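Residue numbers (our numbering): 1 to 125. C-beta: ideal position from N, C-alpha, C; glycine also. Since the structure is predicted, the reported quantities are computational estimates derived from the model, not experimental observations.
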Amino acid sequence: HSGGTFAHLAVSNLLQGMTRDIFVVASEWDTQIGKQLRQLHSGQAWEIKSSVFTTFVGMRPAEPCTVSVVATHALLTEILIYLMQKVQIKGLEEVSGGSYLPDDIHQLEHLAKSNVHAMEDITGY
Numbered sequence: 001h002s003g004g005t006f007a008h009l010a011v012s013n014l015l016q017g018m019t020r021d022i023f024v025v026a027s028e029w030d031t032q033i034g035k036q037l038r039q040l041h042s043g044q045a046w047e048i049k050s051s052v053f054t055t056f057v058g059m060r061p062a063e064p065c066t067v068s069v070v071a072t073h074a075l076l077t078e079i080l081i082y083l084m085q086k087v088q089i090k091g092l093e094e095v096s097g098g099s100y101l102p103d104d105i106h107q108l109e110h111l112a113k114s115n116v117h118a119m120e121d122i123t124g125y
């Protein structure tokens with residue numbers, strides 16, 4: 001999740017020989033792996049302009065796993081909502097195998113917002 005360790009960079013370097021479609025979830029935008037992957041992507045497919053997704057939890061020498069897990073869950077939920085909407089709008093249900101209704105998207109959006117409010121209640125922020 002930090003995006004700055006040697007293992008992540010090494011795997012990214014190996015994968016670049018096989019594909020340019022590499023995505024990363026990092027704690028902030030300006031990580032070593034983020035810098036590396038931003039140079040690869042120009043933003044064609046699905047109008048995604050960057051292959052770097054960030055949770056904005058920042059760099060920390062040590063952090064509870066809970067912070068990273070909650071932030072990553074929230075980010076991946078937002079990506080899923082985006083893709084579900086895109087499939088519905090573009091009429092790609094058959095091609096993508098998406099068999100859900102617009103109400104499913106609204107329910108997921110509601111649950112995502114409720115999740116954020118629950119975290120605010122738990123942490124007091």
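Nearest neighbour of residue i, chosen from the options [CA to CA]
i    : options            : result
H8   : T19, M18, A26, D21 : A26
L83  : A71, G97, V70      : G97
Q16  : I33, L101, A74     : I33
M119 : H106, E93, A74     : A74
L108 : L76, L92, K90, T19 : L76
Neighbour-count burial assignment, residue i, 16 or more Cβ in a 10 Å radius
i   : result
I79 : exposed
S51 : buried
V11 : exposed
N- and C-terminal bounds of the alpha helix (DSSP H) containing residue i
i  : result
V6 : This sequence places Phe at residue 6; Val is not what is there. It spans 6-16 - the alpha helix (DSSP H) in which F6 sits, taken as one unbroken run.
Under the three-state DSSP convention, the category residue i falls into
i   : result
T31 : coil
T77 : helix
Beta carbon proximity, residue i to chain B, threshold 8 Å
i   : result
G17 : Chain labels in this structure do not include chain B; a single protein chain is all it has.
Per DSSP, cross-strand counterpart(s) of residue i
i   : result
V52 : V24
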